[in-house]
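In the UniProt record's numbering, the protein residues as written are 1 to 573.
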């Protein structure tokens, strides 16, 4: 009679939905049939106490197998429900809190683990994340094969436990070590672990994405408030702290036909300060994806296997060096991002790893592109500010620098002259008999005279620069490509000024004579023009430049009152 009784019991308990409910129902049913030589333990294990052979024993073992299958199915369903409930709970947390500690404790409970250890995949290694631990996990030593297993994205079952990658849309950047020595993991268990790693990974990536968005928004607010040129280094540092796999990097800014380093992290700044890269070389060799991708700003990922070949060639102090830049030699992986402004590539962002040839995946590339957009905004801001600054310092009529620009330049040149113990000369000039030109031919003709004089002064100074002065003396912070270049200004009216850095009195007087000769080419209403030109040299005790200004002005008036026949002729027009 054992077989029919067991069949009735099985029918009565088969609708239970949890292992606990199944256990309770079985316990009650067996208690109602004390004649059955069957007992039930706390783990839903059934034990036969009758004869070991015969029909009754066979019926029991079939019953026990069915109960075990039902129990396993219910346990799987229950764990699935717990896992998905855990995922829902995870979404209610602080959106930017990407700590996995709370998740790991629940995983220990759901799977009955001895402990769980948190791990990060970074710099080509599995590194501990103790804040994610639960229980008292015993972790093995991890090597390159474990990194590859983590990046593969599949649960890796071992004798001591399971390495569970945590990855959603992108390659895993985190993992759990499930400490469960000797445990057998069924196919259903492995499927559930795979789903668990994916669900946690999706939520982890969502939190990371929100955190990255807030980082970019804060970066935009912070950087747009100051000078764009001073924002390149903070931008790069924030990018390296955010982009998965990044360890070092650089930002190149275009100047004419070359790129120069505007920011770098962990590289030798002394080495890089005088290094440039031709634009076409950067595009065709270092970037290497072709001109169409270059002009669309498509990021390029490359490993050390090709970087050594693509990185050969750079300019040091303007001279081409057909070799690998030492800073490039140690790079194991690189993301290169062309940064566009008005359809042209004006900057190039390098994100590097020094330890891992496979450091960068799609998530890294997406973030690098986002930081490239921020760099493009800085370039746009820098361009707009430069336009405003140039407009504020430019005379509208002649295109020369104005009085405001002169005041700023004089302050800068005074400091440079004192710092390097160099001479500084000033020429001031006005147009002889200019009032007569205006009165006789009108202001339009007078304006034309001013434009022609400004053009002659600028052209002559450019052609004769450095002829009467020693070679350029530059230092960091001087603020000019050639700190000894002459500068021409229109003060206002018919007055002009010329600053001659690193020029002594003899050189300044020679420049004055060259300017007078150059003025012979000018004709206004068919008649020539001349300039009254005063010369002065910075004195040792002149800290503000006021004495220099007064001396040049006084010398100009002496030149004016010396009297020239041309002035007399023009005054009688």
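Ideal placement from N, C-alpha and C gives every residue a C-beta, glycine not left out.
A quick note: this is a predicted structure, and the numbers were derived from the prediction, not measured.
Asked: Contact the region 247-254 vs the region 345-356: 3+ CB pairs below 8 angstroms; Found: yes
Asked: Spatial distance of residue 119 from residue 177 (CA atoms); Found: 7 angstroms
Asked: Nearest to residue 161 (by Cα), restricted to the options 181, 147 and 174; Found: 181
Asked: Whole-number beta carbon distance between residue 2 and residue 59, since they are thought to touch under 8 angstroms; Found: 5 angstroms
Asked: Three-state secondary structure (DSSP) of residue 171; Found: coil
Asked: Three-state secondary structure assigned by DSSP to residue 496; Found: strand
Asked: CA nearest to the CA of residue 265, picked from 256, 346, 381 and 233; Found: 233
Asked: DSSP-derived helix/strand/coil call for residue 333; Found: strand
Asked: Rounded straight-line distance, which links the Cα of residue 212 to that of residue 240; Found: 12 angstroms
Asked: Residue 533: first and last residue of the uninterrupted beta strand (DSSP E) it sits in; Found: 531-537
Asked: Best match in 497, 444 and 493 for proximity to residue 461 [C-alpha to C-alpha]; Found: 497
Asked: The alpha helix (DSSP H) enclosing residue 46, as first and last residue numbers; Found: Careful: residue 46 lies outside any alpha helix (DSSP H), inside the beta strand (DSSP E) at 46-48.
Asked: At least 3 beta-carbon pairs within less than 8 angstroms: the region 198-218 vs the region 145-152; Found: no
Asked: Sufficient close CB pairs (3 or more, under 8 angstroms) joining the region 341-349 to the region 312-327; Found: no
Asked: Euclidean distance between Cα positions of residue 371 and residue 235; Found: 8 angstroms
Asked: Any non-hydrogen atom of the ligand COA within 7 angstroms of residue 193 CB; Found: As far as ligands go, the structure on display features none, and thus does not contain the ligand COA.
Asked: Residue 338 (DSSP reduced to helix, strand or coil); Found: strand
Asked: Presumed contact (8 angstroms Cβ cut-off) between residue 359 and residue 333, rounded CB distance; Found: 5 angstroms
Asked: Residue environment, residue 377, which counts as buried when at least 16 other CB atoms sit within 10 Å; Found: buried
Asked: Paired residues, beta bridge with residue 431 - DSSP; Found: 531
Asked: Reduced DSSP category for residue 144 - H, G, I as helix; E, B as strand; rest coil; Found: helix
Asked: Residue 373 to residue 298 span [Cα, whole Å]; Found: 12 angstroms
Asked: Nearest-angstrom Cα separation, counted from residue 380 out to residue 159; Found: 58 angstroms
Asked: Beta-carbon proximity list for residue 138, same chain, < 6 angstroms, skipping 5 on both sides; Found: 179
Asked: Status (buried if at least 16 other CB within 10 Å, exposed otherwise) for residue 396; Found: exposed
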